[in-house]
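Protein chains in written order, with my numbering: chain A, 1 to 87; chain B, 88 to 174. Glycine included, each C-beta is placed from N, C-alpha and C at the ideal position. A quick note: this is a predicted structure, and the numbers were derived from the prediction, not measured. Below is one structure, written out as structure tokens; comments come after it.
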DNA sequence: ATAGTATTTAGATATTTGTCTAAATATACA
DNA sequence: TGTATATTTAGACAAATATCTAAATACTAT
């Protein structure tokens with residue numbers, strides 16, 4: 001849970017998630033979308049991976065990244081508690 | 088939006104939110120629930136306030152903190168986009 | 001006014017984070 | 001095998017963060 005909020009606490013990483021919502025992408029394709037170095041994006045992808053918000057799959061020379069929405073459910077469940085006030 | 092994720096990215100602050108879900112509390116009451124100094128908690132409360140996740144109201148000598156769930160809706164809306172894949 | 005309580009603000013410090021360049025690893029292909 | 005491409009790992013550094021103690025502010029009540 002901690003990892004998830006940590007992963008979401010960065011505009012670049014949130015933007016990566018929004019990109020992946022539209023289609024799976026390779027690390028290189030993602031890098032092209034930003035003005036940040038490859039290694040930095042790689043690091044962001046690593047944090048997203050640790051949070052299990054994305055899944056990485058190797059295909060030959062490339063690594064394809066895709067969304068994993070099951071964690072999104074967990075966050076929403078956690079958030080929902082606040083909509084039902086009182087213990 | 089950035090402020091919200093920043094505010095949520097700390098276990099102490101998330102715990103404060105969970106406490107406030109049960110009932111409104113003064114800063115002092117919140118401090119008692121943790122082993123962290125008053126000033127540190129005050130700082131956490133400030134970040135939660137900036138994110139509009141809590142509301143502070145002065146009552147005489149005390150400041151009462153309470154949840155503001157409207158921001159929770161915004162986060163959930165943002166998260167929901169990921170549940171409907173494809174552009 | 002003075003003293004006491006509640007809370008925040010200021011300033012310091014250690015840790016974490018985002019970024020970079022350079023180097024390492026892995027795959028493809030001629 | 002050797003070279004090009006894709007991506008990550010390593011190491012450095014500046015900026016942001018969580019925490020602390022000491023001091024300031026605000027209110028209560030004697």
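- Sorting 130/B, 160/B, 95/B and 143/B by C-alpha distance to the C-alpha of residue 153/B places 143/B at the top.
- Between the alpha carbons of residue 140/B and residue 127/B lies a distance of about 18 Å.
- Membership of residue 66/A in the beta strand (DSSP E) is indicated by the continuous run 62-67.
- Taking the Cα positions, residue 68/A is about 13 Å away from residue 25/A.
- Contact with chain A is absent for residue 142/B, since none of that chain's Cβ atoms lies less than 8 Å from the residue's Cβ.
- With respect to the 8 Å criterion, residue 82/A and residue 95/B are not classified as neighbours on the basis of their beta carbons.
- Taking a Cβ-Cβ threshold of 8 Å, the residues of chain B close to residue 82/A are 104, 108, 154, 156 and 159, in chain order.
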